[in-house]
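**Student:** One rule links them: number in the working numbering = place in the sequence shown (from 1) + 24. Virtual Cβ for every residue (Gly too), placed ideally from N, Cα, C. No experiment lies behind these values; they were computed from the predicted model shown. Here you go, one structure.
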Amino acid sequence: MPIHLLPSEVASQIAAGEVVERPASVVKELLENALDAGARFITITVEGAGQRLIEIADDGSGIPAEEMPLAVERHATSKLSSADDLFRIETLGFRGEALASIGSVSRLTLTSRPHQAEAGARLQIEGGRAAPLQPVGAPVGTVVRVENLFYNVPARLKFLKHDNTERRQIDTLVTRYALAYPEVRFHLKQEGKASLQTSGKGDRREALAALYGVEVARQMLEVIAEEDDLTVSGFISPTSLTRSNRREMTFFVNGRPVQDAALSAALLQAYHTLLMVGRYPLAVLFLNMPPDRVDVNVHPTKAEVRFRNPEQAFSGVQRAVRRALLAHTPVPGLGEQLHWAPDTGWEAPRPLQEFNPAWNMPAEEGSGTTAESPVSTMPEPQSSPFPPVNPQPGLPGPHTPLLRLVGQIATAYLVAEGPDGLYLVDQHAAHERVLFERFMAQHESGIPSQVLLQPVTVNLDPASARLLTAQLPILAHIGFQVEPFGPNTFLVRAIPAILAGSDPAAALRALVEDFEEDETPLQSEVEARVIARVCKRAAVKAGQSLSPEEQRALLHDLEMCQSPRTCPHGRPTMIHLSVDLLERQFGRKGAR
Ligand code: ADP
Ligand code: MG
Numbered sequence: 025m026p027i028h029l030l031p032s033e034v035a036s037q038i039a040a041g042e043v044v045e046r047p048a049s050v051v052k053e054l055l056e057n058a059l060d061a062g063a064r065f066i067t068i069t070v071e072g073a074g075q076r077l078i079e080i081a082d083d084g085s086g087i088p089a090e091e092m093p094l095a096v097e098r099h100a101t102s103k104l105s106s107a108d109d110l111f112r113i114e115t116l117g118f119r120g121e122a123l124a125s126i127g128s129v130s131r132l133t134l135t136s137r138p139h140q141a142e143a144g145a146r147l148q149i150e151g152g153r154a155a156p157l158q159p160v161g162a163p164v165g166t167v168v169r170v171e172n173l174f175y176n177v178p179a180r181l182k183f184l185k186h187d188n189t190e191r192r193q194i195d196t197l198v199t200r201y202a203l204a205y206p207e208v209r210f211h212l213k214q215e216g217k218a219s220l221q222t223s224g225k226g227d228r229r230e231a232l233a234a235l236y237g238v239e240v241a242r243q244m245l246e247v248i249a250e251e252d253d254l255t256v257s258g259f260i261s262p263t264s265l266t267r268s269n270r271r272e273m274t275f276f277v278n279g280r281p282v283q284d285a286a287l288s289a290a291l292l293q294a295y296h297t298l299l300m301v302g303r304y305p306l307a308v309l310f311l312n313m314p315p316d317r318v319d320v321n322v323h324p325t326k327a328e329v330r331f332r333n334p335e336q337a338f339s340g341v342q343r344a345v346r347r348a349l350l351a352h353t354p355v356p357g358l359g360e361q362l363h364w365a366p367d368t369g370w371e372a373p374r375p376l377q378e379f380n381p382a383w384n385m386p387a388e389e390g391s392g393t394t395a396e397s398p399v400s401t402m403p404e405p406q407s408s409p410f411p412p413v414n415p416q417p418g419l420p421g422p423h424t425p426l427l428r429l430v431g432q433i434a435t436a437y438l439v440a441e442g443p444d445g446l447y448l449v450d451q452h453a454a455h456e457r458v459l460f461e462r463f464m465a466q467h468e469s470g471i472p473s474q475v476l477l478q479p480v481t482v483n484l485d486p487a488s489a490r491l492l493t494a495q496l497p498i499l500a501h502i503g504f505q506v507e508p509f510g511p512n513t514f515l516v517r518a519i520p521a522i523l524a525g526s527d528p529a530a531a532l533r534a535l536v537e538d539f540e541e542d543e544t545p546l547q548s549e550v551e552a553r554v555i556a557r558v559c560k561r562a563a564v565k566a567g568q569s570l571s572p573e574e575q576r577a578l579l580h581d582l583e584m585c586q587s588p589r590t591c592p593h594g595r596p597t598m599i600h601l602s603v604d605l606l607e608r609q610f611g612r613k614g615a616r
């Protein structure tokens with residue numbers, strides 16, 4: 025084919041592809057326009073998961089009728105005039121691409137009326153072609169209506185995810201903006217149902233509750249720090265509240281949500297040694313700095329920025345987070361206590377059994393089979409002074425030998441004596457295993473439920489509520505009786521009998537936490553994962569003191585398990601200190 029210029033329609037569809045990837049990107053661009061226009065009240069209406077309709081109405085400045093045809097042209101903006109302005113951008117938009125891009129892949133209707141105008145005007149574009157401007161009656165502000173998104177780009181349609189996933193992305197996106205702009209009132213309606221409503225009274229915790237649910241929001245720690253011209257503020261989770269992926273680490277730079285690996289790393293560094301391997305905090309952090317300190321023009325969807333002084337941003341976040349954490353969290357001294365080991369000849373305790381990778385939860389997004397460090401109860405196993413572990417000779421078989429209870433230590437571990445030395449049992453991991461096997465044993469025949477005397481209502485954030493709704497059939501199958509009960513609220517009538525006595529609301533929350541909708545197509549696998557998650561929540565925790573009877577019962581139940589040596593997520597339930605090892609440690613036998 026000879027070189028030729030592309031027809032302008034094709035060129036604009038290609039350009040649109042960069043900005044408008046999915047329904048949530050349309051919502052993002054239109055929200056940013058409304059915020060730039062100084063809106064105090066923004067309503068977002070979504071139908072057909074955003075493909076049929078996205079409508080955003082604001083009470084902002086409006087667009088003068090004579091400028092409307094220009095607003096939908098490519099590279100047309102009121103926010104920038106010279107290249108120099110790029111370094112003092114205080115608006116969310118500046119590229120002048122959004123309306124043109126959206127207009128080329130949908131039917132877009134723009135209705136607007138500025139304060140001073142007598143009437144409004146309406147402009148319609150379909151597939152990039154504009155109809156003549158019409159005068160209409162309209163309230164002050166702007167309404168952008170986007171219908172039949174991607175109707176003329178079938179390839180794009182094919183790449184969209186399940187409707188529920190697209191809806192959830194919209195929920196999450198709008199909630200994040202609501203958090204960043206607490207003084208703006210947001211109403212989001214999806215498929216005729218209110219998904220999010222904020223009051224616009226300036227209370228960030230309100231939006232936080234919408235994002236994470238009331239309980240989690242209450243636990244989040246506040247961060248406020250100012251250093252030179254950088255302010256870092258927002259919320260982080262205490263060390264007891266974590267996720268298995270990095271998705272809940274959100275950053276805003278000057279009111280703009282950004283993805284930045286260095287900021288994420290700074291956040292994680294602040295938590296260093298305080299979290300278990302493979303666990304990640306929740307965080308919503310706002311960085312504010314003078315606009316000339318950050319280049320926002322590096323990414324088509326403005327999702328990335330470049331800091332003029334990356335080191336300042338990085339260490340600012342790290343220090344602010346660390347300070348907030350230390351103010352709220354007593355640091356466990358476990359790391360130090362382990363250093364009594366002599367520098368030679370000490371054999372590290374090791375898990376008795378290789379863990380079953382089938383039950384390893386993904387440590388990070390997209391890395392389904394990453395094995396976690398087996399010594400996950402010790403902070404920083406990588407830098408521990410222990411020499412590399414050698415296989416222990418004379419390792420007992422896969423089953424636990426009969427154990428004699430000695431007692432509980434640190435309200436977390438059971439100490440037991442076996443035929444060959446000492447066993448330390450992690451009570452939480454052990455109980456998880458016990459519950460899991462009981463659950464799976466009942467699974468074939470149907471898991472018995474226990475009806476609650478008093479049904480319990482559980483309120484979730486919109487995204488989690490959506491996930492839970494999709495899981496209701498699975499839940500019914502494993503003994504939960506849960507029904508929708510008002511917006512984002514559920515009524516729990518019965519729980520699996522195995523969980524009798526535990527908190528039904530907590531169990532339900534555990535189900536949606538860390539759940540990825542498109543995670544796995546296999547029903548049986550989804551169920552097993554759901555069960556593992558329920559067991560984790562229901563199991564006794566470290567810090568819970570157990571009576572001698574309970575301790576003995578737990579040991580006994582563990583002995584009965586098929587795979588007593590790992591919890592359902594693959595971590596060890598016990599470590600073994602052999603008599604041989606003890607003798608060497610005490611110098612009764614020659615060091616090797
Ligand atoms: P950008 O936001 O990068 O300037 P857009 O294509 O998103 O580009 O919008 C083009 C222009 O249309 C904006 O610069 C602004 O002047 C006007 N505009 C768009 N949406 C609104 C709105 N909701 N209220 C007022 N003006 C708007
Ligand atoms: Mg814009």
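1. Might you give, ordered along the chain, the residues of its own chain that have their beta carbon closer than 8 Å to the beta carbon of Arg332, omitting 5 neighbours on each side?
2. Measure from the alpha carbon of Val475 to the alpha carbon of each residue in Leu515, Val208, Thr263 and Gln451, then state which is nearest.
3. Along the chain, where does the beta strand (DSSP E) that runs through Arg490 open and close?
4. So, with DSSP's three-state summary, where would you put Pro520?
5. Could you tell me if Leu29 is buried or exposed, where buried requires 16 or more neighbouring beta carbons within 10 angstroms of its beta carbon?
6. Let me know if Ser268 comes out buried or exposed under the rule of 16 or more other beta-carbons within 10 Å of its beta-carbon.
7. Pull up the DSSP beta-bridge partners for His600, would you.
8. For Gly117, verify whether its CB is less than 7 Å away from any heavy atom of the ligand MG.
9. By DSSP, does Asn188 sit in helix, in strand, or in coil?
10. Report the three-state DSSP secondary structure of Asp527 (helix, strand or coil).
11. Let me know the secondary structure DSSP gives Arg561 once reduced to three states.
12. By the three-class DSSP mapping on this structure, what secondary structure does Ser223 have?
13. Given 7 Å as the limit, tell me if Leu123 has its C-beta closer than that to any heavy atom belonging to the ligand ADP.
14. Using the Cβ count rule (16 or more neighbours within 10 Å means buried), how would you classify Leu606?
15. The ligand ADP and Ala40: does the residue's C-beta get closer than 7 Å to at least one heavy atom of that ligand?
16. Quick check: the region 443–451 against the region 589–607, are there 3 or more CB pairs under 8 Å?
17. Should Ser102 be listed as close to the ligand ADP, given that the test is whether its C-beta is under 7 Å from any heavy atom?
18. Along the beta strand (DSSP E) that carries Tyr175, what are the first and last residues, could you check?
19. Any heavy atom of the ligand ADP closer than 7 Å to the CB of Glu171?
20. On a Cα-Cα basis, can you pick out the residue from Ile555, Gln37, Ser288 and Arg303 that is closest to Pro178?
21. Mapping the DSSP letters down to three states, classify Met25 as helix, strand or coil.
22. If you check the beta carbons only, do Leu220 and Ala233 fall under 8 Å apart?
23. Cα-Cα, which of Gly74, Ile260, Ser488 and Ile248 is closest to Gly237?
24. May I ask you to check if the CB of Gly84 is nearer than 7 Å to at least one heavy atom of the ligand ADP?
25. Is His580 buried or exposed, if buried means 16 or more other CB atoms sit within 10 Å of its CB?
26. Less than 8 Å separating the beta-carbons of Glu53 and Val43?
27. Which runs of the alpha helix (DSSP H), 4 residues or longer, sit entirely within the region 571–597?
28. Return the first residue and the last residue of the beta strand (DSSP E) that Pro508 is part of.
29. Please state the DSSP three-state secondary structure of Ile260.
30. Contact between the region 305–314 and the region 269–287 is defined here as three or more beta-carbon pairs at a separation below 8 Å; is this criterion met?
31. How about Glu114: is its Cβ closer than 7 Å to a heavy atom in the ligand MG?
32. By a C-beta neighbour count over all protein chains shown, 10 Å radius and 16 as the cutoff for buried, is Val198 buried or exposed?
33. According to DSSP, which residues form a beta bridge with Leu132?
34. Rounded to whole angstroms, how far is the Cβ of Gln575 from the Cβ of Gln432, which I believe are closer than 8 Å?
35. Have a look at the DSSP bridge pairing and note the partners of His211.
36. Cα separation between Glu507 and Arg561?
**Tutor:** Reading it off the structure:
1. Asp316, Arg317, Val318 and Asp319
2. Leu515
3. Where Arg490 is concerned, there is no enclosing beta strand (DSSP E), although the alpha helix (DSSP H) it sits in stretches over Pro486 to His501.
4. strand
5. exposed
6. buried
7. Tyr447
8. yes
9. helix
10. coil
11. helix
12. coil
13. yes
14. exposed
15. no
16. yes
17. yes
18. That residue, Tyr175, is in no beta strand (DSSP E); it is neither H nor E in DSSP.
19. no
20. Gln37
21. coil
22. no
23. Ser488
24. yes
25. exposed
26. yes
27. 572–583
28. Gln505 to Pro508
29. strand
30. yes
31. no
32. buried
33. Ile149 and Val170
34. 6 Å
35. Thr67 and Gln221
36. 21 Å
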